[in-house]
Amino acid sequence: MQIKQRHNWNLTTSEAKIIQEELRKEVITEDRFEEPVKYVAGVDMGFEADGTISRAAVAVLSFPDLQLQEQSIAKRPTTFPYIPGFLSFREIPAVLDALQKINITPDIILCDGQGLAHPRRLGIACHLGVILDIPTIGVAKSWLIGDYEEVPQEKGSWKPLIHKDETIGAVLRTRENVKPLYVSSGHRISLPTAIDYVLQCSPKYRLPETTRIADKLASNR
DNA sequence: GCGACAG
DNA sequence: ATCTTGTCGC
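All the letters of the first sequence, read from the start, carry residue numbers 1 to 221 under the UniProt record's numbering.
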């Protein structure tokens with residue numbers, strides 16, 4: 001797929017923060033995409049050589065049957081450190097390289113990390129969504145910000161994630177008796193719809209099939 | 001100033 | 001994220 005360059009990635013954290021504050025204005029948290037959805041993609045990252053090399057993997061699956069249709073891997077030198085709140089500046093460059101090589105444009109991309117559930121409302125899912133102008137969902141394995149009540153153990157139950165009196169996401173149980181996932185809007189999708197797609201992509205395990213497959217690609221060398 | 005902190 | 005075997009619990 002074709003990707004437009006929105007900004008350069010050689011930045012200081014203060015410059016990155018300014019970009020986040022600009023791009024957050026472009027984030028759309030309503031459902032703006034065509035249905036039925038035919039393809040969903042998962043993105044995951046891995047690192048090599050003490051973290052000096054970034055490795056991004058993309059897996060495109062058919063929906064709703066979740067069969068692998070296309071995959072790609074891209075490597076490039078790591079140029080930005082891991083700083084909570086700035087994950088996208090570390091990971092997106094390699095992700096764009098991997099996406100550039102696929103032929104099927106996914107209808108929705110599930111990202112490894114937060115979307116709106118971010119201090120400045122621009123987690124990696126929002127950032128990637130705005131750059132591509134494609135619907136994205138933030139699916140994080142752990143907490144970054146926000147308060148929430150305990151989530152019932154049953155699969156499908158969830159509680160709103162609240163920050164500054166605003167619902168920024170949901171803490172969702174995708175599997176019984178297992179740690180919940182932190183789901184939030186990335187771009188062009190509402191929270192209820194995002195929860196629905198994450199559940200549909202997670203028929204058996206805690207993590208969505210999209211991220212599970214991308215995960216294997218990213219770790220399998 | 002202190003504590004928290006996606007991957 | 002990454003280093004790493006067996007083991008406890010549903």
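Heads up, the beta-carbon is just placed ideally off N, CA and C, and yes, glycines get one too.
Every value quoted in this text rests on a predicted model; they were computed, and no experiment measured them.
Can you find a heavy atom of the ligand NAP that lies under 7 angstroms from the Cβ of Phe80?
This structure simply doesn't include the ligand NAP, nor any ligand for that matter.
If you compare alpha carbons, which of Asn10, Ile131, Ala94, Val139 is closest to Ala218?
Out of Asn10, Ile131, Ala94, Val139, Ala94 has the C-alpha closest to the C-alpha of Ala218.
Checking 8 angstroms against the spacing of the C-beta atoms, do Ser157 and Arg173 come in under that value?
Going by C-beta atoms, Ser157 is nearer than 8 angstroms to Arg173.
Using CA coordinates, which residue listed in Leu199, Arg120, Gln20, Phe86 is at the minimum distance from Ile168?
Nearest of Leu199, Arg120, Gln20, Phe86 to Ile168, Cα basis: Arg120.
Mind listing, in chain order, the continuous alpha helix (DSSP H) runs of no fewer than 4 residues lying wholly within the segment 150 to 217?
191 to 200, all fully within the segment 150 to 217.
Using 8 angstroms as the threshold, is the segment 10 to 24 in touch with the segment 179 to 190, meaning 3 or more CB pairs across them?
As far as the Cβ criterion goes, the segment 10 to 24 does not touch the segment 179 to 190, which means the pair count is below three.
Who are the near neighbours of Pro81 in its chain, counting only those whose CB is closer than 8 angstroms to its CB and skipping five residues on each side?
For Pro81, where only same-chain residues beyond five positions count, the Cβ hits under 8 angstroms are Arg90.
Exposed or buried, Leu128, counting other C-beta atoms within 10 Å across all chains shown (16 or more means buried)?
The residue in question, Leu128, is buried, as its Cβ has 16 or more Cβ neighbours within 10 Å.
Would you give the residue range spanned by the beta strand (DSSP E) that Leu17 belongs to?
Looking at the sequence itself, residue 17 is Lys, so the reference to Leu does not match. That residue, Lys17, is in no beta strand (DSSP E); its alpha helix (DSSP H) goes 13 to 23.
Using 8 angstroms as the threshold, is the segment 102 to 111 in touch with the segment 130 to 146, meaning 3 or more CB pairs across them?
These segments touch.
If you draw a straight line from the C-alpha of Leu144 to the C-alpha of Gln114, how long is it?
Distance between the alpha carbons of Leu144 and Gln114: 8 angstroms.
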